[in-house]
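Below is one structure, written out as structure tokens; the observations come after it.
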Amino acid sequence: MSESQFYTFFTGGLGLLTAAALLIAWQLWRIHDDARDGAASALEGVAHEMRINLQRFVNEIVQVHSNREAGPDVLLPVRHPQLDGVNASLIRANRNGLAVVGSTYQELDARKMALRAALAQRRDPSIALDDAMDATINGIAALYMWEVHKGARPADVGSVRSWHVRDWMKGHVFTQNSLPGMFLRDEVVERLRAYGLHLTPSPLTHTAAEYYSMQYDRKADLSGPLGRRKSPEQLEHEALKAQEKADKKAAREAEKEALKAEKEAEKAALRAEKEAEKAAKAAAASEPDSFDEPESFDEVEEMEPPPEVAEAAPEPEPAPPAAAEAAPSPPPETVFASDDDFELAMNNPDKDKPTDTS
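If you read the sequence shown in the working numbering, its first letter stands for residue 343, the second for the next number, and so on.
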């Protein structure tokens with residue numbers, strides 16, 4: 343084998359090996375894709391199978407309710423091969439949701455057997471019918487959680503609009519009057535809400551006429567639809583805070599009143615002092631010549647006459663020296679021995695005065 347032939351053989355072998363590898367990978371991808379599509383189809387088949395069983399059970403309940411003389415052959419046995427196949431295979435699915443679907447089938451089968459027994463024994467099937475309708479509502483709620491939310495727990499789903507649930511039931515031909523004596527869609531919504539699914543908006547507790555006809559304090563009603571729902575401990579704490587606030591306010595008002603009274607007293611005292619000063623000035627103005635005699639000559643020098651007196655009083659003229667020298671000295675003061683002598687001297691001024699002088 344020449345070198346060119348060897349390289350030709352080697353290149354052809356590598357090409358065939360690459361083609362075989364690509365063919366094997368493509369086949370494996372097809373198998374994986376088919377398995378994935380089959381798993382999705384099987385899970386959808388579980389939902390479809392459950393929906394068919396529920397619709398058939400609803401029709402059977404309506405037949406039994408409309409004809410109480412119906413026999414047990416009206417109720418067909420419950421079969422679920424799709425669910426059994428999914429449980430038997432290694433399909434990757436939410437096993438918790440499948441367990442809920444399985445328990446729902448068990449409840450439906452038990453209620454159907456009880457209703458069949460009541461019809462076979464010619465007993466009143468009212469109680470069995472109520473149980474069967476309750477199981478149907480549970481089955482529709484379980485079907486919604488499995489088909490829409492992939493079998494997740496209601497608490498993990500989040501907020502859902504209630505009209506979305508109603509539109510889903512409308513698309514699956516679950517009408518409002520499917521079950522006798524109840525509104526099916528409302529019952530399913532309330533059952534989902536009871537299971538923990540957060541459905542909005544919240545249900546109304548009063549009609550418009552009932553609400554607007556109420557006469558109550560919305561803040562005092564703990565269970566009111568729009569009131570402040572507070573515990574007794576919170577109410578007691580708020581009452582204590584309100585009392586403390588009222589006490590502080592009363593203390594501030596009392597303090598303000600005390601300060602105001604004190605200021606009024608000070609103003610009254612100042613007003614009295616001003617009135618006294620005015621009265622003293624008026625008295626001094628009415629008696630300008632009355633003033634206290636100085637005790638010594640030094641005080642006379644220190645005292646200054648008022649400006650009015652100083653300006654009005656004329657300067658005294660100096661006395662002539664001769665007149666000053668000739669002025670006689672004042673006579674000595676006469677002292678009387680008794681009151682009788684004083685009266686006698688006053689009555690007879692010309693008589694000789696007593697000689698007892700000091």
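Here a beta-carbon is modelled for each residue, glycine too, at the ideal position from N, C-alpha and C.
The structure presented is a predicted model; accordingly, all values stated were derived computationally and were not measured.
Check whether the Cβ atoms of residue i and residue j sit closer than 8 angstroms, and answer yes or no.
{"i": "Val-499", "j": "His-506", "result": "no"}
{"i": "Trp-510", "j": "Tyr-537", "result": "no"}
{"i": "Gln-397", "j": "Val-515", "result": "yes"}
{"i": "Ala-483", "j": "Val-530", "result": "yes"}
{"i": "Ala-474", "j": "Ile-403", "result": "yes"}
{"i": "Leu-440", "j": "Leu-425", "result": "yes"}
{"i": "Leu-546", "j": "Val-502", "result": "no"}
{"i": "Arg-508", "j": "Arg-535", "result": "no"}
{"i": "Ala-381", "j": "Arg-434", "result": "yes"}
Go to residue i, then tell me how far its beta strand (DSSP E) extends in each direction, as first and last residue.
{"i": "Thr-542", "result": "540-542"}
Take the Cβ of residue i as the centre, count every other Cβ of all protein chains shown within 10 Å, and call the residue buried at 16 or more, exposed below.
{"i": "Arg-465", "result": "exposed"}
{"i": "Gln-347", "result": "exposed"}
{"i": "Leu-432", "result": "exposed"}
{"i": "Gly-413", "result": "exposed"}
{"i": "Glu-489", "result": "buried"}
{"i": "Gly-481", "result": "buried"}
{"i": "Tyr-447", "result": "buried"}
{"i": "Ala-626", "result": "exposed"}
{"i": "Pro-467", "result": "buried"}
{"i": "Ser-628", "result": "exposed"}
{"i": "His-374", "result": "exposed"}
{"i": "Ser-344", "result": "exposed"}
{"i": "Leu-539", "result": "buried"}
To the nearest angstrom, how far is the alpha carbon of residue i from that of residue j?
{"i": "Gln-585", "j": "Ala-596", "result": "16 angstroms"}
{"i": "Leu-385", "j": "Val-428", "result": "7 angstroms"}
{"i": "Pro-574", "j": "Lys-583", "result": "14 angstroms"}
{"i": "Met-392", "j": "Ala-497", "result": "23 angstroms"}
{"i": "Ala-362", "j": "Asp-376", "result": "21 angstroms"}
{"i": "Ser-520", "j": "Val-400", "result": "7 angstroms"}
{"i": "Gln-518", "j": "Glu-411", "result": "26 angstroms"}
{"i": "Ala-459", "j": "Ile-366", "result": "58 angstroms"}
{"i": "Tyr-553", "j": "Pro-543", "result": "18 angstroms"}
{"i": "Phe-389", "j": "Asn-409", "result": "The sequence given here has Ala at residue 389, not Phe. Roughly 30 angstroms separates the two Cα atoms."}
{"i": "Glu-578", "j": "His-548", "result": "29 angstroms"}
{"i": "Ala-603", "j": "Ala-622", "result": "28 angstroms"}
{"i": "Tyr-349", "j": "Thr-360", "result": "16 angstroms"}
{"i": "Glu-606", "j": "Lys-590", "result": "24 angstroms"}
{"i": "Glu-653", "j": "Ala-610", "result": "At Glu-653 the pLDDT is 48, less than 50, meaning the model places this residue with poor confidence; the figure from the coordinates comes in the next sentence. Answer to the nearest angstrom: the Cα atoms are 39 angstroms apart."}
{"i": "Leu-358", "j": "Leu-364", "result": "10 angstroms"}
{"i": "Ala-624", "j": "Leu-612", "result": "18 angstroms"}
{"i": "Lys-620", "j": "Ala-588", "result": "47 angstroms"}
{"i": "Ala-600", "j": "Glu-608", "result": "12 angstroms"}
{"i": "Ile-469", "j": "Trp-368", "result": "60 angstroms"}
{"i": "Ala-665", "j": "Glu-617", "result": "Summary for Ala-665: the model assigns pLDDT 41, below 50, so the residue's position carries little reliability, and this model does not support an answer."}
{"i": "Phe-639", "j": "Leu-686", "result": "With a pLDDT of 49 at Phe-639, under the threshold of 50, the modelled position of this residue cannot be trusted; read the value that follows with caution. Roughly 40 angstroms between the two C-alpha positions."}
{"i": "His-422", "j": "Ala-430", "result": "13 angstroms"}
{"i": "Glu-580", "j": "Ala-551", "result": "33 angstroms"}
{"i": "Phe-316", "j": "Met-556", "result": "In this structure the chain extends from 343 to 700, so residue 316 is not present and cannot be described."}
{"i": "Gly-355", "j": "Trp-371", "result": "24 angstroms"}
Once the 5 residues before and after residue i are set aside, which same chain residues still bring their CB inside 6 angstroms of it?
{"i": "Ala-477", "result": "Glu-449, Leu-450 and Arg-453"}
{"i": "Gln-576", "result": "none"}
{"i": "Ser-504", "result": "Val-531 and Leu-541"}
Can you tell me where the alpha helix (DSSP H) holding residue i begins and where it ends?
{"i": "Val-507", "result": "504-513"}
{"i": "His-491", "result": "468-491"}
{"i": "Val-400", "result": "345-408"}
{"i": "Asn-438", "result": "437-462"}
{"i": "Asn-429", "result": "423-430"}
{"i": "Leu-417", "result": "No alpha helix (DSSP H) holds Leu-417; DSSP gives it neither H nor E."}
{"i": "Arg-533", "result": "526-537"}
{"i": "Ser-326", "result": "Examination of residue 326 is not possible in this model, given that the chain is present from 343 through 700 alone."}
{"i": "Pro-496", "result": "496-499"}
For residue i, which residues of its own chain have a beta-carbon under 8 angstroms away from its beta-carbon, when the five flanking residues on both sides are left out?
{"i": "Thr-436", "result": "A small correction: the amino acid at residue 436 is Asn; Thr does not occupy that position in the sequence shown. So the list reads Lys-492, Gly-493 and Ala-494, once near-sequence residues are dropped."}
{"i": "Ala-614", "result": "none"}
{"i": "Ala-462", "result": "Gly-413 and Pro-414"}
{"i": "Asn-438", "result": "Gly-493 and Arg-495"}
{"i": "Leu-418", "result": "Arg-398 and Glu-402"}
{"i": "Val-442", "result": "Ala-484, Met-487, Trp-488 and Gly-493"}
{"i": "Asp-379", "result": "none"}
Grab me the residues of residue i's own chain with a C-beta within less than 7 angstroms of its C-beta, minus the 5 sequence neighbours each way, in chain order.
{"i": "His-407", "result": "Leu-471 and Pro-522"}
{"i": "Phe-352", "result": "none"}
{"i": "Ile-479", "result": "Glu-529, Val-530 and Arg-533"}
{"i": "Gly-387", "result": "Gln-424"}
{"i": "Gly-444", "result": "Leu-425"}
{"i": "Val-416", "result": "Glu-402, Gln-405 and Val-406"}
{"i": "Gly-513", "result": "none"}
I want to check one thing, is the minimum distance from the CB of residue i to the heavy atoms of the ligand ADP below 7 angstroms?
{"i": "Pro-496", "result": "Because no ligand of any kind appears in the structure shown, any question about the ligand ADP cannot be addressed here."}
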